[in-house]
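Comments concern the structure below.
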Amino acid sequence: MNWQQLEYFKTVAETQNFTSAANLLSVTQPALSKAISKLEEELNVPLFEKKGRNIRLTRFGDMFLIRANAAIREINEGVKELQDIINPMAGTVSVSSLYTIGTHFIPSIISDFLKESPNTKFEFGIESTSNILNGLKAGKFDLGFYDEFGDIKEYEEIESIPIKNEELVIIVPKNHHLADKREVLLKDLKEESFVFFSEGIKGKMCSIFKSAGFIPKVSMKPSESSMVVTGFVSAGLGISIVPDTPNLITDGLSVLRIKEPYCYRTVHMGWLKNGYMIPSAKIFKDFVIEVSSKIDI
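Residue numbering for the sequence shown follows numbering that gives the first Met the number 0, beginning at 0 and increasing consecutively.
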């Protein structure tokens, strides 16, 4: 059974005449009759019976027409859905990012993009860096936004480019002995316990700490959520290094700039290197690249 047979059956059922149906379908009557006969053989029931010079559906045909119409309708809706998705001016772009990127940078860049392409739609999700990379590999979404990742070489299928740098700052509880300072040297944090925001920042900062002559004490594992990290810090479970972003919640916290060395995290955008990318996603990707080229990263 195939799509063509269902279309032929539906048209014959509607016209109740093989000649009329053949004309509508632009096929010969013998070819149409043969297709219907083959369908009846496959179903092992008669779908039509003669009624004078015309034909009509049998009770089996009536039953099957309901299902055939539903199948044709579903397929047509599926085709339309796919056409809408790949429409370069009105497609649906699927994006995933880290929490901190997704709560300030992504909304801002999408808002700017929609001023130029107002009919584009977005599907958006929050994931960890590893889940984003695995999702890109599996084709779950078009574009991913994440920070540094130590095992990025394991993801050769992913094309990844830096799009912006964000300064890293120290957050401490209000009752911490450093809370009244505006900036701090990294080497002065040797005795502190840290709650890290992400694996990427943890790996990068451990390397920087090592060059400063010590390995930081880690009291909590990365959570990929600044909200969780700030909660732990305000509760006195450690201090942390986080991106200085507009959505950084500072209730119960003090924010200190790192005087030396200058520390930052790099936000990357990635996609499946040899995978198919719908036109609207490609347009958005190029837009992000263009915007990032104007930013001093």
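Note that beta-carbon positions come from the ideal geometry of N, C-alpha and C, so glycine has one too. From a predicted model like this one, the values you see are computed outputs, not experimental measurements.
If residue i sits next to residue j, beta carbons under 8 Å apart, how far is it from one beta carbon to the other, in whole angstroms?
i: V94; j: F123; result: 5 Å
i: K203; j: E165; result: K203 to E165, Cβ: 12 Å. No contact.
i: V92; j: A280; result: 5 Å
i: S96; j: I84; result: Their Cβ separation, rounded to whole angstroms, is 20 Å, which puts S96 and I84 out of contact at 8 Å.
i: G138; j: G274; result: 6 Å
i: N22; j: I54; result: So it is not a contact: roughly 15 Å between Cβ atoms.
i: L38; j: K136; result: Not quite, the Cβ-Cβ distance comes to about 42 Å (not below 8 Å), so this is no contact.
If you draw a straight line from the alpha carbon of residue i to that of residue j, how long is it in whole angstroms?
i: R52; j: L64; result: 22 Å
i: E158; j: L5; result: 43 Å
i: T244; j: S233; result: 18 Å
i: I306; j: I288; result: Shown here, the chain extends from 0 to 296; a query on residue 306 therefore has no answer.
i: F208; j: I277; result: 43 Å
i: E48; j: E80; result: 37 Å
i: A30; j: A12; result: 16 Å
i: G237; j: L188; result: 11 Å
i: S218; j: V78; result: 53 Å
i: N68; j: M0; result: 14 Å
i: V168; j: S291; result: 22 Å
i: I282; j: G269; result: 14 Å
i: E259; j: A211; result: 10 Å
i: L24; j: V44; result: 24 Å
i: N174; j: L247; result: 19 Å
i: F195; j: T128; result: 14 Å
i: E126; j: V266; result: 14 Å
i: I160; j: N86; result: 26 Å
i: D250; j: P172; result: 9 Å
i: L56; j: E155; result: 58 Å
i: S36; j: F8; result: 10 Å
i: E153; j: I162; result: 21 Å
i: I74; j: R58; result: 25 Å
i: I263; j: P242; result: Checking the sequence shown, residue 263 turns out to be Tyr, not Ile. Cα to Cα, Y263 sits roughly 7 Å from P242.
i: I240; j: F144; result: 20 Å
i: P117; j: L46; result: 49 Å
i: T99; j: G90; result: 26 Å
i: T10; j: T18; result: 11 Å
i: H103; j: F231; result: 22 Å
i: N130; j: F140; result: 11 Å
i: S110; j: I200; result: 27 Å
i: A20; j: Q82; result: 28 Å
i: D61; j: F286; result: 53 Å
i: G101; j: L177; result: 30 Å
i: I214; j: D179; result: 25 Å
i: R66; j: Q28; result: 24 Å
Mind checking who residue i pairs with in its DSSP beta bridge?
i: I238; result: F193
i: R55; result: E48
i: F123; result: V94
Checklist entry - Quick one: complete alpha helix (DSSP H) runs, 4+ long, within the stretch 131 to 218? => result 198 to 210
Checklist entry - For the stretch 58 to 106, which segments carrying the alpha helix (DSSP H) assignment without a break, of at least 4 residues, lie completely within its bounds, in sequence order? => result 58 to 85, 98 to 101
Checklist entry - Quick one: complete beta strand (DSSP E) runs, 3+ long, within the stretch 247 to 287? => result 252 to 259, 263 to 271
Item to check | Any 3 or more C-beta pairs closer than 8 Å across the stretch 180 to 187 and the stretch 248 to 263 | outcome: yes
Next on the checklist: Extract the residue ranges of the beta strand (DSSP E) inside the stretch 5 to 43, only unbroken runs of 3 or more that lie entirely within it.
Outcome noted: none
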